[in-house]
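Residue numbers (our numbering), protein chains in the order written: chain R, 17 to 130; chain F, 25 to 136.
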């Protein structure tokens with residue numbers, strides 16, 4: 017079946033540090049890949065997405081590149097802010113026999129200190 | 025103007041009770057979902073409806089029953105609540121499964 021694996025958290029960084037959250041996936045076919053962010057006390061919201069190999073999704077200074085050869089979609093940001101403290105979820109949609117099902121990774125808690 | 029709204033936001037109830045959580049979306053989406061998030065933030069899909077038709081029914085106790093009176097609403101009814109049902113339940117909707125999912129703010133259910 018389809019699956020998403022994220023790096024273990026929690027991750028704690030100082031403001032302006034470089035962020036990488038690793039995400040690898042297993043899926044049949046050519047899935048669409050997503051990063052969602054969950055701020056404290058809120059629901060998830062889409063951060064960025066990529067729908068085919070070598071696509072780069074970007075938003076709010078975050079970037080992730082769809083790497084089919086390594087089945088990865090790592091999230092990066094060059095300089096994090098305190099306001100980036102949240103839970104980050106990598107997800108995929110593969111369709112086919114998994115029609116309608118968005119598969120999430122386990123989430124990575126990020127805390128940024130001033 | 026909330027795109028996906030859930031009620032109530034907090035729900036505290038005793039074991040054995042029956043409760044419902046309501047969800048409404050005003051985005052005109054065809055597909056709606058229920059997810060359960062545990063204390064470690066892990067998200068598990070429970071159900072999905074497309075145009076009022078059930079398309080995903082994961083391994084969930086049959087004490088949980090979704091109901092979709094129309095494509096803008098997807099409610100979750102839970103019978104005989106157990107301590108292990110304590111979690112945050114999220115409703116979500118999408119225009120199509122491979123497009124952006126919009127989530128409600130969640131319902132924190134605590135069973136005592």
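From the three backbone atoms N, C-alpha and C, an ideal C-beta is built for every residue, glycine too. This structure is a prediction, so every number in the text was calculated from the model and none was measured.
In whole angstroms, give me the CA-to-CA distance for residue i and residue j.
i                      : j                      : result
residue 61 of chain R  : residue 33 of chain F  : 18 Å
residue 22 of chain R  : residue 120 of chain R : 9 Å
residue 65 of chain R  : residue 87 of chain F  : 35 Å
residue 89 of chain F  : residue 122 of chain F : 25 Å
residue 50 of chain F  : residue 118 of chain R : 21 Å
residue 133 of chain F : residue 66 of chain F  : 15 Å
residue 37 of chain F  : residue 91 of chain R  : 39 Å
residue 41 of chain F  : residue 85 of chain F  : 15 Å
Are the Cβ atoms of residue i and residue j separated by less than 7 Å?
i                      : j                      : result
residue 98 of chain R  : residue 53 of chain R  : no
residue 47 of chain F  : residue 78 of chain F  : no
residue 95 of chain R  : residue 126 of chain R : no
residue 124 of chain R : residue 88 of chain R  : no
Which residues does DSSP list as the beta-bridge partners of residue i?
i                     : result
residue 56 of chain F : F:73 and F:117
residue 99 of chain F : F:91
residue 21 of chain R : R:40
residue 51 of chain F : Looking at the DSSP assignment, residue 51 of chain F forms no beta bridge with any residue, so it has no partner.
Of the choices the options, whose alpha-carbon is the least far from that of residue i?
i                      : options                     : result
residue 125 of chain F : F:87, F:36, F:88 and F:57   : F:57
residue 73 of chain R  : R:84, R:104 and R:51        : R:51
residue 28 of chain R  : R:106, R:36 and R:49        : R:36
residue 78 of chain R  : R:107, R:69, R:34 and R:86  : R:34
residue 112 of chain R : F:102, F:92, F:132 and F:80 : F:80
residue 91 of chain F  : F:84, F:73 and F:82         : F:73
residue 30 of chain R  : R:63, R:20, R:40 and R:93   : R:93
residue 111 of chain F : F:28, F:135 and F:84        : F:135
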